[in-house]
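Visitor: In my numbering, the protein residues as written are -10 to 476.
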Ligand SMILES: [Zn+2]
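Have a look at this one:
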């Protein structure tokens, strides 16, 4: 509509183009004053508090004062004939004004949408510690670029959608208070802002929570390669790659929450935000890793090698076989990219049937691993990761029930037919002396036998080809032979 507007957008390398600065990621400016002269019709949005608005002839001079450390790329001005209004968020440390500068023609619709930020900022304030710029304000300035930008205490916004408000606000903790220490590690800003948008859905708009998880996974798995770690910081498109720095970064955090537990995750993240070397300064992925390791007692090096530096993602195939109350789960994993040989992960498997259900968590350490469990009902459905904790592509499950149980005297062998293992159970008053397996040609095969109890043995047969076998079981006073089939 021909109204004049000026706005700035500096991330990652643009600050130097409009004001003299040290444009690096290792030395924050300790405070700033932004002073702008503009025609009377306009307002100027910027960082911190507006200390004066002085009329001089046909112009106004706006003076903004910010007294927190700030990275060069987080400084902004937004200038046009804004309409201004304030929302107030009651937070742990008091009431925080949320100042909105919006285009006058949009002010009615913007004013109806912006209050949705109040429960979001209350949630972040609880989960991640007090709003970082509590002595000043938070705010939004509408601008003409098709997205948002987390300018410190005054985000620039194309609109006031729930997701965009949640994302830019999250950056005030992750990006502004604690800033990525290199553009390789931009995920420390964008992965967190994206995951916190997911958490806003989870806690405040749960109808959209499943769709958020599904959509984020589908975005990542739409291509087989790419790491969260940014491999080319000369390419601004790679730095802000939505699939890798945002979606995969967010899922890396979700999987950390799953792996180390919700309480440890949030406490570890708070410790990272409050770490004296990171807080109001710059951080590395290693800073975050150290805090999550220290709170959980886990070594996360392999996890970060696979999910942060490694490219691609896993797929899973789960085969469940139930015989009576005994269920064996064989879990296979393939990888979409050769940079990761295997993703070691705790995997949730949910089973239900006869109106009952239960969830198992199996610590998956190699493809083809077999997990045995007891289920006191007949399973009718098996689900891999129904809560979408794991970034994986099209996981599949199969279920086989009530295979023949071969009971010969003092021995039960099940399941038969079998997939990659079978169980051998012997009567309490007997001792197992030896097990031999012969193929159809009568050749003896050396099986891997795991003694679960003195009466229960698991025989792993991954190396066997499909076909029919004879098992010869020698007890202290008995020799038993039985035909079995591998399928
Ligand atoms: Zn962002």
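Beta carbons are placed, not taken as given, at the ideal position from N, Cα and C, and that holds for glycine.
Remember, predicted model here, so these are calculated numbers, not experimental data.
Mind checking whether residue 55 and residue 36 have CB atoms under 8 Å apart?
Guide: Mapped onto the chain shown, residue 55 falls at position 66. Mapped onto the chain shown, residue 36 falls at position 47. Closer than 8 Å, so yes.
Visitor: Whole alpha helix (DSSP H) runs in the segment 89 to 115 with 4 or more residues, listed along the chain?
Guide: 96 to 102
Visitor: Shorter than 7 Å, the distance from the beta carbon of residue 190 to the closest heavy atom of ligand 1, or not?
Guide: As a first step, residue 190 must be located in the chain shown, where it is residue number 201. Outside the cutoff, so no.
Visitor: For ligand 1, I want to know if residue 140 counts as a neighbour, meaning its beta carbon is within less than 7 Å of at least one of the ligand's heavy atoms.
Guide: The residue labelled residue 140 in the question sits at position 151 within the chain shown. Checking every heavy atom of ligand 1 against the Cβ of residue 140, none is found closer than 7 Å.
Visitor: Quick check for students: name the residue ranges of the beta strand (DSSP E) that lie wholly in the segment 153 to 221, counting only runs of 3 or more.
Guide: For the segment 153 to 221, whole beta strand (DSSP E) runs of length 3 or above, ordered along the chain, are 167 to 169.
Visitor: Run through the segment 20 to 60 for me and flag every whole beta strand (DSSP E) of 3 or more residues, listed as ranges in chain order.
Guide: Positions of the beta strand (DSSP E) runs, each at least 3 residues long and wholly inside the segment 20 to 60, are given as 21 to 28, 32 to 34, 38 to 45, 48 to 55 in order along the chain.
Visitor: Is any heavy atom of ligand 1 found at a distance shorter than 7 Å from the C-beta of residue 182?
Guide: Start at 1 with the first residue of the chain shown, and residue 182 comes out as number 193. Yes.
Visitor: Taking 7 Å as the cut-off, is the C-beta of residue 178 nearer than that to any heavy atom in ligand 1?
Guide: Residue numbering aside, residue 178 sits at position 189 when the chain shown is read from its first letter. Yes, the Cβ of residue 178 comes within 7 Å of a heavy atom of ligand 1.
Visitor: Please report the residue range of the beta strand (DSSP E) in which residue 240 lies.
Guide: Looking up residue 240 in the chain shown gives position 251. Element bounds for residue 240: not the beta strand (DSSP E) but the alpha helix (DSSP H), 238 to 249.
Visitor: Let me check understanding here. Comparing Cα to Cα, which of 462, 126, 363 lies closest to residue 39?
Guide: Here residue 39 is taken as the residue at index 50 of the chain shown, counted from 1. Taking only the C-alpha atoms, the option nearest residue 39 is 126.
Visitor: State buried or exposed for residue 301, treating a residue as buried only when at least 16 other CB atoms are found within 10 Å of its CB.
Guide: Against the chain shown, residue 301 aligns to sequence position 312. Residue 301 should be labelled buried.
Visitor: Which term fits residue 77, buried or exposed, when burial requires 16 or more other beta carbons within 10 angstroms of its beta carbon?
Guide: Position 88 of the chain shown holds residue 77. In summary, residue 77 is exposed, with fewer than 16 beta-carbon neighbours lying within 10 Å of its beta-carbon over all protein chains present.
Visitor: When every heavy atom of ligand 1 is checked, does at least one fall within less than 7 Å of the C-beta of residue 129?
Guide: Here residue 129 is taken as the residue at index 140 of the chain shown, counted from 1. Every heavy atom of ligand 1 is 7 Å or more from the Cβ of residue 129, so no.
Visitor: Please look up how many angstroms separate the CB atoms of residue 128 and residue 34, rounded, as I've assumed it's under 8 Å.
Guide: Looking up residue 128 in the chain shown gives position 139. Looking up residue 34 in the chain shown gives position 45. Right, the Cβ-Cβ distance comes to about 7 Å (below 8 Å), so this counts as a contact.
Visitor: Just to confirm the assignment, what range does the beta strand (DSSP E) spanning residue 470 have?
Guide: As a first step, residue 470 is located in the chain shown; it is residue number 481 there, counting from the start. Looking at the DSSP string, the run of the beta strand (DSSP E) that includes residue 470 is 467 to 475.
Visitor: Check each candidate in 428, 438, 444, 443 and name the one with the smallest Cα separation from residue 456.
Guide: Against the chain shown, residue 456 aligns to sequence position 467. Nearest option by C-alpha distance: 428.
Visitor: First and last residue of the beta strand (DSSP E) that includes residue 461?
Guide: As a working note, residue 461 is residue 472 in the chain shown. Residue 461 -> beta strand (DSSP E) spans 456 to 464.
Visitor: Identify the residues that DSSP records as bridge partners of residue 304: which are they?
Guide: The count along the chain shown starts at 1 and reaches residue 304 at position 315. According to DSSP, which records beta bridges pairwise, residue 304 is partnered with 323.
Visitor: Hey, could you find the ends of the alpha helix (DSSP H) residue 68 is sitting in?
Guide: On the chain shown, position 79 is the one that residue 68 refers to. Counting along the chain, residue 68 falls outside any alpha helix (DSSP H), though it belongs to the beta strand (DSSP E) covering 67 to 69.
Visitor: Would you call the segment 337 to 348 and the segment 280 to 291 touching, i.e. three or more CB-CB distances under 8 Å?
Guide: Flag = no, the segment 337 to 348 and the segment 280 to 291 do not touch.
Visitor: Apart from the five residues on each side of it in sequence, which residues of its chain come closer than 8 Å, Cβ to Cβ, to residue 205?
Guide: Translated into positions along the chain shown, residue 205 becomes position 216. Contacts found: 183, 187, 236, 239, 240.
Visitor: For residue 443 and residue 157, I'd like the C-alpha separation in whole angstroms.
Guide: In the chain shown, residue 443 corresponds to position 454, counting from 1. In the chain shown, residue 157 corresponds to position 168, counting from 1. Approximately 60 Å between the Cα atoms of the pair.
Visitor: Below 6 Å CB to CB, which residues in the same chain sit around residue 372 once its five sequence neighbours on both sides are set aside?
Guide: As a first step, residue 372 must be located in the chain shown, where it is residue number 383. Counting only Cβ-Cβ distances below 6 Å, and skipping sequence neighbours, we find 339.
Visitor: Are the segment 213 to 229 and the segment 159 to 175 touching, with three or more C-beta to C-beta distances below 8 Å?
Guide: The way I'd put it, the segment 213 to 229 does touch the segment 159 to 175; three or more beta-carbon pairs between them come closer than 8 Å.
Visitor: Counting only the same chain and skipping the five closest in sequence on each side, list residues whose C-beta sits under 7 Å from that of residue 20.
Guide: Within the chain shown, the letter at position 31 stands for residue 20. Counting only Cβ-Cβ distances below 7 Å, and skipping sequence neighbours, we find 55, 56.
Visitor: Mind checking whether residue 361 and residue 315 have CB atoms under 8 Å apart?
Guide: Working through the chain shown from its first residue, we reach residue 361 at position 372. Working through the chain shown from its first residue, we reach residue 315 at position 326. Contact flag set, yes.
Visitor: Pair every Cβ in the segment 61 to 81 with every Cβ in the segment 91 to 104, then say whether three or more of these pairs are closer than 8 Å.
Guide: yes
Visitor: In this structure, what does DSSP give as the bridge partners for residue 258?
Guide: The residue labelled residue 258 in the question sits at position 269 within the chain shown. In DSSP, residue 258 forms no bridge with anything.
Visitor: Straight-line CA distance for residue 162 to residue 4?
Guide: By one-based count along the chain shown, residue 162 stands at place 173. By one-based count along the chain shown, residue 4 stands at place 15. Roughly 21 Å separates the two Cα atoms.
Visitor: Give me, in chain order, the residues of the same chain whose beta-carbon lies closer than 6 Å to that of residue 260; leave out the 5 immediate sequence neighbours on both sides.
Guide: Position 271 of the chain shown, counting from 1, holds the residue named residue 260. Correct list, in chain order: 280.
Visitor: Taking the alpha-carbon of residue 221 as reference, which of 247, 171, 195, 255 has the nearest alpha-carbon?
Guide: Locating residue 221 in the chain shown gives position 232, where the first residue counts as 1. Of the listed residues, the one whose Cα sits closest to residue 221 is 171.
Visitor: Between residue 297 and the rest of its own chain, which residues show a CB-CB distance below 6 Å, the 5 nearest in sequence each way excluded?
Guide: If you number the chain shown from 1, residue 297 lands on position 308. Only 217, 218 meet the Cβ criterion.
Visitor: What residue range is occupied by the uninterrupted alpha helix (DSSP H) comprising residue 352?
Guide: Here residue 352 refers to the residue found at position 363 of the chain shown. Run containing residue 352: none in the alpha helix (DSSP H); it sits in the beta strand (DSSP E), 345 to 353.
Visitor: Taking its Cβ as the centre, do 16 or more other Cβ atoms sit within 10 Å of residue 476, making it buried, or is it exposed?
Guide: Counted from its first residue, the chain shown places residue 476 at position 487. Its Cβ having fewer than 16 others within 10 Å, residue 476 is exposed.
Visitor: Which class does residue 73 belong to by DSSP, given the choice of helix, strand or coil?
Guide: By one-based count along the chain shown, residue 73 stands at place 84. Looking at residue 73 - three-state DSSP - the assignment turns out to be strand.
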